[in-house]
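Chains A and B are the protein sequences, given in the same order. Count along the first sequence from 1, then add 3; that gives the number in this note's numbering. Count along the second sequence from 1, then add 3; that gives the number in this note's numbering. We treat Cβ as the ideally placed atom computed from N, Cα and C, and that holds for glycine. Quick notes on the structure that follows.
Protein chains: 2
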Amino acid sequence: MIKVSVMYPNTPGARFDHAYYRDQHMPMVQARLGEHCRSYTVDKGLAGGAPGSAPPYVAMCHIFCDSLEAFQAGFGPHAQEIMADVANYTDLTPLLQISEVVVD
Amino acid sequence: MIKVSVMYPNTPGARFDHAYYRDQHMPMVQARLGEHCRSYTVDKGLAGGAPGSAPPYVAMCHIFCDSLEAFQAGFGPHAQEIMADVANYTDLTPLLQISEVVVD
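In structure tokens form, the structure reads like this:
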């Protein structure tokens, strides 16, 4: 199984609508990916490691798929619609990472 | 519920022993945290978002706890032992983030 992690850097002054991300964007992504998405999680950054420090990322999602090919098969046909929705909740450019799920 | 994410930057030339991390370090962390750790996951970085790009992080773990206080209660008494074990699998300094689990 693989995990697609989308990480939004916690940039001062940037805009991020956590409610829209949770209630609109991510359910839409799941609906478009369909059977290619096994599940997903959403995180809201609270803090960094040092006392009083800011979290490195304001939000993250992790999308679980059977394989990279499965993710691409689900995401590819809807990439334009999904990417066009990003401006509705943030002006940040996320970091993206594909990982092998070693411990689930 | 909160998630403690520990993210190891994918620095060229750095050392990271994925087998030790999976088989020795993380099970030890779980054992020391005891009931304060609900579960944890481990990721091995495969790729970034652009074709052929490297993953931002060589490895990540995410530790799930009921609250930040629960994590601190479990981690604090064993922090020295846990941190001393890090050199056994990597010479990297990880980024740490505390997140609220919005979608589980």
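Nearest-angstrom beta carbon gap, residue j and residue i [assumed within contact, 8 angstroms]
i: residue 103 of chain A; j: residue 47 of chain B; result: 4 angstroms
i: residue 35 of chain A; j: residue 81 of chain A; result: 4 angstroms
i: residue 64 of chain A; j: residue 105 of chain A; result: Contact flag wrong, Cβ pair sits at about 19 angstroms.
i: residue 29 of chain A; j: residue 11 of chain A; result: About 13 angstroms separates the two Cβ atoms, so there is no contact after all.
Span of the beta strand (DSSP E) around residue i
i: residue 98 of chain A; result: 98-106
Strand pairing of residue i, partner residues [DSSP]
i: residue 5 of chain A; result: A:68 and A:103
i: residue 15 of chain B; result: Answer by DSSP bridge pairing: none, since residue 15 of chain B is not bridged.
Residue i versus the options, residue with shortest Cα-Cα distance
i: residue 4 of chain B; options: B:70, B:74 and B:43; result: B:70
i: residue 95 of chain A; options: A:16, A:83 and A:8; result: A:16
i: residue 59 of chain B; options: B:107, B:13, B:40 and B:7; result: B:13
i: residue 91 of chain B; options: B:45, B:6 and B:19; result: B:19
i: residue 26 of chain B; options: B:99, B:88, B:100 and B:107; result: B:88
i: residue 61 of chain B; options: B:39, B:67, B:37 and B:49; result: B:49
i: residue 55 of chain B; options: A:93, A:99 and A:76; result: A:99
i: residue 128 of chain A; options: B:76, B:101 and B:74; result: An answer regarding residue 128 of chain A cannot be provided, because it is not within the stretch 4 to 107 covered by chain A.
i: residue 76 of chain B; options: B:38, B:21 and B:45; result: B:38
Bounding residues of the alpha helix (DSSP H) (the contiguous stretch that carries residue i)
i: residue 82 of chain A; result: 82-88
Uninterrupted alpha helix (DSSP H) stretches inside the segment 20-62 of chain A (no shorter than 4 residues): 29-36
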